[in-house]
Amino acid sequence: MKRALVGIFALVAATVTIVGCGSSGAPSTNQGASKLKFRVFVSNPLFPNGAGGSPVLNIVDASMDVLSLSQISLAGNSTQPGLMSLSPNLRLTMVFSPSGNSITLIDNTTEAIAQSTNGTSSTPVPSINLPGFTESMFFGNANTTAYAAVPTAMVIGQAQGAVEVLNLQTGSIAASIPVPGAHFIVPSPDGNHILVFSDNSDTVTVITTAAVGTHTDPRSYITGFDRPVWAVFSDNATAYILNCGPQCHGIAAGVSLLAGGFPAAGTPPIAFNGTTTPVSGATVGMLSGSALYVAGTPPMTACGAGTSAPNCGKLSVIDTGSMTVTASATITDGYHDRIQMTKDGQLFIGAKGCSNVNISGGEVRGCLSIFNATSSKVVVPPQIGDATGIQPITGRNVVYVVQNGGLGIYDTTTDKLQVSPGNSQNNNGQVDIVGQLFDVKLVD
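Position in the sequence shown (from 1) plus 1133 gives the number in the working numbering.
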């Protein structure tokens, strides 16, 4: 146990401060900073540079749906920019590259690699090389620390898997907390606890962040779930645990109400003894008022009439006051891992690995579903491919969606790709970005 916990006690006090000045020193494709006040970043590893594809973050004017001439170059830092995460203060963006398993830190103000300073000198924050792939990472509430789940991280004397604690001021791994198979991580709103979900496990690991870097084991455990994969917090002491069930080789999908706080760091495992509401499938969810929306794909679920897709997923709506399912709807299948609600009650649900349908002159459908929270109507847009990024645009009836490597801008009043809106300079209402896009984030 002592050897397994060595990485936990590696957290050291930061001696530098991130500042927003200077340039990254990396080769640049920028035409200067965009100077836009309302921006979307789009990760793109294959933006043309005259000699092939260049890794960049494209910048879009989110008020006018216009592509900026400026790009944020990631050459030499991230060769395949994909998943992004935004800091709570909106000042920084983390960009993960599966090629090299590296994380690059972007200063959103300067639109360049973030700088650190020690005294009077400033240098680019180095990219952080993780010990494996991640698809779950987030900033700590102080904006100077981040966390990433790495299911294949090597741990001496234990099964693979760890939660990496990242020092964003020095560009380094500050601590490595062993959690076998750690795949997804969800923080409490106050940042005091992190729920860790491991592959093929019925246990939730709880990390108490205040104990990281001390002589107390920051981990505790709650058993008795059914392949839990995600959580939705309603407050600092209450979380809804999503049990994946059969979709993840378990027994029954459901949503478990975990209330009353979390076990103290380093205490023995406890068993969950609360309420679990059965649902058809549960891999992603979000809370809107008292309604909890949960999406998943039950094995071998027929779609019914109206589509050639062989399988479909399910959306369940749970009233959190009574913990009962009040509505359900059929959506696309696949592994659902993206969900966003718009201001006018349109729920955009994205999946990967769904049953694409592309019949010449006939039905076309992919991994995106749009659910109307008022009418319970579902629209599956005629676009194929995985939906890897979903971003509602604040103050507008517009959602940016990255699907099948391209960007689509949806009008939430029609649930269709927008066409020539009055506030767009584009004739067709869309933004054409050449490359292979993956994620999209509103940074202002």
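Built from N, CA and C at the ideal position, the CB exists for glycine as well.
The beta strand (DSSP E) spanning threonine 1341 covers which residue range?
1337-1341
Glycine 1378, DSSP secondary structure in three states
Helix at glycine 1378.
Of all Cβ atoms in chain D, is any one closer than 8 Å to the Cβ of serine 1493?
Structure shown: chain D not included; a single protein chain is present.
Between glutamine 1213 and the rest of its own chain, which residues show a CB-CB distance below 6 Å, the 5 nearest in sequence each way excluded?
Pro1178, Ser1230, Pro1231, Ser1232
Going by other Cβ atoms of all chains shown within 10 Å of its Cβ, with 16 needed for buried, is isoleucine 1526 buried or exposed?
buried
Distance between threonine 1463 and lysine 1510 (C-alpha atoms, nearest Å)
9 Å
Relative to the alpha-carbon of leucine 1202, which residue among Gly1186, Leu1169, Gly1357 has its alpha-carbon at the smallest distance?
Leu1169
According to DSSP, alanine 1385 sits in a beta bridge with which residue or residues?
None; alanine 1385 has no bridge partner.
Serine 1260 and serine 1211 look like a contact to me (Cβ under 8 Å); what is the Cβ gap, rounded to whole Å?
7 Å
Taking the beta carbon of isoleucine 1492 as the centre, do at least 16 other beta carbons fall within 10 Å, making it buried, or is it exposed?
exposed
Could you tell me which residues DSSP puts in a beta bridge with threonine 1226?
DSSP lists Leu1219, Ile1239 as partners of threonine 1226.
Let me check understanding here. Comparing Cα to Cα, which of Ala1424, Asp1544, Leu1480, Gly1494 lies closest to valine 1365?
Among Ala1424, Asp1544, Leu1480, Gly1494, the Cα nearest to that of valine 1365 is on Ala1424.
With the cut-off set at 8 Å, would you say valine 1573 and glutamine 1524 are in Cβ contact?
Yes, they are a contact pair.
Using three-state DSSP, classify alanine 1435 as helix, strand or coil.
coil
Where the beta strand (DSSP E) through aspartate 1452 begins and ends:
1446-1452
Please state if the CB of isoleucine 1310 and the CB of alanine 1295 are separated by a distance shorter than 8 Å.
yes
Decide if asparagine 1561 is buried, meaning its Cβ has at least 16 other Cβ atoms within 10 Å, or exposed.
The residue in question, asparagine 1561, is exposed, as its Cβ has fewer than 16 Cβ neighbours within 10 Å.
Please state whether DSSP places alanine 1195 in a helix, a strand or coil.
coil
Determine which residues share a DSSP beta bridge with glycine 1522 and list them.
Val1535
One or two residues paired with glutamate 1297 in a DSSP bridge:
Ala1281, Ser1309
Is valine 1189 closer than 8 Å to leucine 1216 when the C-beta atoms are compared?
No. Outside cutoff.
Who are the near neighbours of glycine 1158 in its chain, counting only those whose CB is closer than 6 Å to its CB and skipping five residues on each side?
Confidence in glycine 1158 is poor, its pLDDT being 34 and thus under 50, which makes the residue's placement too unreliable to answer from.
6 Å CB neighbourhood of threonine 1336 in its chain, flanking five on each side removed:
Tyr1354, Thr1356
N-terminal and C-terminal residue of the beta strand (DSSP E) that glutamine 1248 is part of
1248-1251
Histidine 1316 to proline 1411 span [Cα, whole Å]
23 Å
Pair within 8 Å by beta-carbon distance, alanine 1404 and glycine 1378:
no
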